[in-house]
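Asks: Quick one: structure below, then a few questions.
Numbering (my numbering), first residue to last: 11 to 228.
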């Protein structure tokens, strides 16, 4: 099994005692790391992949960035490419940084499992390095919520860990003592299909992430 290491390292192996403690606590971790996360993450992570999806869309498409963090680099790149981006994140500290970095770009503090937007509001959605913070059932709720706010045929790009295994394979990563779940490709294929999305492409970036491109049916 392989997985991109976080700042505090990764514990591999699936251990019931190390399962996710709570979604609320895991989301608060980003309040704790807001000061160093922007520098540690870098200014190019995910940009090429996000722009590749955006390039398939009409000009000034409406894109939802789920788990937008401080808005850099992905939201910033999409805005600079001429799209109308809306950020969504549950971390107050990250959103404060987002508003400082991108004062003219709308952002809301909300839960990805309950996106506060009308049905069919967006031409695309992106979620970089966020969904694995949620337990399996809550990831399912997030997929359903994002699917609901997408227009028919709209793409949704998200990331998972780079792991090998079957449907039930799982490992955890840790950040500040909180365990996060990761799932293999077959699990995500099933999970997305059950909640209104079709998995159309998977790309492994060795040592970094696995990128999943899904699409809402027409």
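Every residue, glycine too, gets a C-beta built ideally from N, C-alpha and C.
Just so you know, these numbers come straight off a predicted model, no measurement behind them.
Entirely within the segment 84-147 and at least 4 residues each: give me those alpha helix (DSSP H) ranges in chain order.
Replies: Segments of the alpha helix (DSSP H) lying fully in the segment 84-147: 84-90, 102-111.
Asks: What three-state label does DSSP hand residue 71 in the structure shown?
Replies: Residue 71 falls in the coil class under three-state DSSP.
Asks: State the beta-bridge partners of residue 212 as determined by DSSP.
Replies: In the DSSP output, where bridge partners are listed per residue, residue 212 has 222.
Asks: Could you check what DSSP says for residue 156 in three-state terms: helix, strand or coil?
Replies: Looking at residue 156 - three-state DSSP - the assignment turns out to be helix.
Asks: Which residues in the same chain have their Cβ closer than 8 Å to the Cβ of residue 157, if we skip the five residues on either side of it in sequence?
Replies: Cβ neighbours of residue 157 beyond the five flanking positions: 166, 205, 206, 207, 226.
Asks: Determine the contact status of residue 210 and residue 223, defining contact as a CB-CB distance below 8 Å.
Replies: Closer than 8 Å, so yes.
Asks: I need the DSSP call for residue 197, collapsed to helix, strand or coil.
Replies: Three-state result, residue 197: helix.
Asks: Under the rule that 16 or more other beta-carbon atoms within 10 Å means buried, what is residue 129, buried or exposed?
Replies: Its Cβ having fewer than 16 others within 10 Å, residue 129 is exposed.
Asks: Just mark residue 70 as buried or exposed, buried being the case when its beta carbon has 16 or more other beta carbons within 10 Å.
Replies: It is exposed - the Cβ of residue 70 has fewer than 16 other Cβ atoms within 10 Å.
Asks: Look at the alpha carbon of residue 193 and the alpha carbon of residue 143, and state the distance between them as a whole number of angstroms.
Replies: Each residue's Cα considered, the two are about 11 Å apart.
Asks: Beta carbon of residue 127, beta carbon of residue 117: below 8 Å?
Replies: Contact: no.
Asks: Going by other Cβ atoms of all chains shown within 10 Å of its Cβ, with 16 needed for buried, is residue 163 buried or exposed?
Replies: Residue 163 comes out exposed.
Asks: Between residue 125 and the rest of its own chain, which residues show a CB-CB distance below 6 Å, the 5 nearest in sequence each way excluded?
Replies: Cβ within range, chain order: 155, 159.
Asks: With a Cβ-Cβ cutoff of 8 Å, do residue 61 and residue 98 count as a contact?
Replies: Contact: no.
Asks: List the residues that DSSP assigns as beta-bridge partners of residue 170.
Replies: According to DSSP, residue 170 bridges with 220.
Asks: Give the secondary structure of residue 76 by DSSP, where H, G and I count as helix, E and B as strand, and everything else as coil.
Replies: Strand at residue 76.
Asks: Locate the alpha helix (DSSP H) running through residue 204, then write down its first and last residues.
Replies: No alpha helix (DSSP H) holds residue 204; DSSP gives it neither H nor E.
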